[in-house]
Amino acid sequence: MIRKLVMTVSILALVPFAVTAAEDDSEYGVFVDKPGVEEAYAYCSACHSERLVAQNGLTRDGWIELMEWMVDEQEMDPVEEPDYKRVLDYLTKNYGIDRPNFPKNK
Ligand code: HEC
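For the sequence shown, the numbering used here gives the first residue as 5, with consecutive numbering after it.
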């Protein structure tokens, strides 16, 4: 009985795969990476997606009112200075009424 030993050399090609995040997937979600984003993301993505915020476009007064509403009706802890101004400036600059950074659908 002849046994044929077929030796197969299998080469394991270890293809290094990089874990690449989608380009617009920053650590702040859909929030644009501008000054104040850290604070805005920390405060405003605690209860709901930051997307809900980014979909809005308001004036400075509008954001002030909205933040009051978050505190009065939605149980948000009041944001203290200097963070309050950082968040408000961020929202006003980047999520104004012309909605310059309205999130794209993904
Ligand atoms: C303590 C939880 C909490 C935090 C923190 C919070 N929110 Fe909210 N927010 C809510 C809830 C609850 C709703 C939904 C209210 C509803 O639709 O009845 C909401 C809704 C919203 C909406 C949608 C309003 C609309 O017209 O539908 C916006 C915009 C928003 N929040 C902005 C913010 C911003 C900006 C911050 C940060 C400064 C923030 N939220 C932080 C609880 C929170």
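By construction, the Cβ of each residue, glycine as well, lies at the ideal position given by its N, Cα and C atoms.
Measure the CB-CB distance between residue i and residue j and report whether it falls below 9 Å.
| i | j | result |
| --- | --- | --- |
| D87 | Y45 | no |
| P107 | R64 | no |
| F35 | A50 | no |
| Y99 | N60 | yes |
Along the chain, where does the alpha helix (DSSP H) containing residue i start, and where does it finish?
| i | result |
| --- | --- |
| C51 | From DSSP, C51 is part of no alpha helix (DSSP H); its letter is neither H nor E. |
| L92 | D87 to N98 |
Is the beta carbon of residue i within less than 8 Å of some heavy atom of ligand 1?
| i | result |
| --- | --- |
| V83 | yes |
| V91 | yes |
| E72 | no |
Taking DSSP's pairing of strands, which residues face residue i in a bridge?
| i | result |
| --- | --- |
| G33 | S30 |
Within 8 Å, do at least three Cβ pairs link the segment 72 to 86 to the segment 30 to 42? These segments do not touch.
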